Each structure stands twice: as structure tokens, then as C-alpha cells.
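The opening position of the sequence shown corresponds to residue 7 in the numbering used here, with each subsequent residue numbered one higher.
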Amino acid sequence: MRIISRAIRAGAKIYESCRKGYKFAIENPDEAAECLLQLAPELDRELVIKSQQFLASKFQDDAPYWGMQKKEVWERYMNWLYENKFIDAPIDVEKAFTNDFLQNSK
Numbered sequence: 007m008r009i010i011s012r013a014i015r016a017g018a019k020i021y022e023s024c025r026k027g028y029k030f031a032i033e034n035p036d037e038a039a040e041c042l043l044q045l046a047p048e049l050d051r052e053l054v055i056k057s058q059q060f061l062a063s064k065f066q067d068d069a070p071y072w073g074m075q076k077k078e079v080w081e082r083y084m085n086w087l088y089e090n091k092f093i094d095a096p097i098d099v100e101k102a103f104t105n106d107f108l109q110n111s112k
């Protein structure tokens, strides 16, 4: 049980770090682009800035807060993977994602 408990805490910490980063990128697209360019200066500056400006409104899309997963989206994606033979068998989407870490995200 200790291993499972540690894994859950680690998952929650990873999620929280990602949430903070995406929240920053959503609220500060130009500054987020600059952060990326500092770490990867070989990237096309104009493309990175325009991409971040476009993606800032897509990261959360219509979800009430970042990270919220919808079963229907997972089902569509899983069906597409299966129909296009990227996977050999359908995936039980109920086991593919969780919103359990989101309880304190609002």
C-alpha cells in the first residue's frame, strides 16, 4: 500500500506542476513562448509565438478548468485509433484517464 500511496502522491504533484505551467501559458502566451525559446533557441521564433498565441485558448477549451478529461473525447480517440489499426483492440476508456487529481484545481 505504501508504494501505491507514494505513486498517487507523485501523480498529484506532477499534475499540479503541469497545471501551473499550463495556467501560466494560457494567461501569458507571449511570455510562455519566450520561456520555450530560451530553452530551445533553435526553434523558429515566429512559429513558436504564433503557435502559443493560438494554443493558449485551446489548452483548456470548454472545460471548467485545465486538466478536466471527458469520457466522450477518450472514446472518440480510442475508436479512431482502433479503426485506423493503431491498436489491436479497443481500450476501456474508464481505465485510461482520471479526474481524481482535479479536486483542488478550480
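In this text, a Cβ means the ideal position worked out from N, Cα and C, and glycines have one as well. What you are looking at is a predicted structure, and each value in this text was computed from that prediction instead of being measured.
**Prompt:** How big is the Cα-Cα spacing for W72 and Q66?
**Reply:** 5 Å
**Item:** CB-CB length for F103 against W80, believed under 8 Å
**Value:** 6 Å
**Message:** Check this for me: beta carbons of Q59 and A38, under 7 Å apart or not?
**Reply:** no
**Asked** Beta carbon of Y83, beta carbon of P96: below 7 Å?
**Response** no
**Request:** Look at the Cβ atom of P35, then the Cβ atom of A69, and state whether they are nearer than 7 Å.
**Result:** no
**Message:** Taking only three categories from DSSP, how would you classify Q58?
**Reply:** helix
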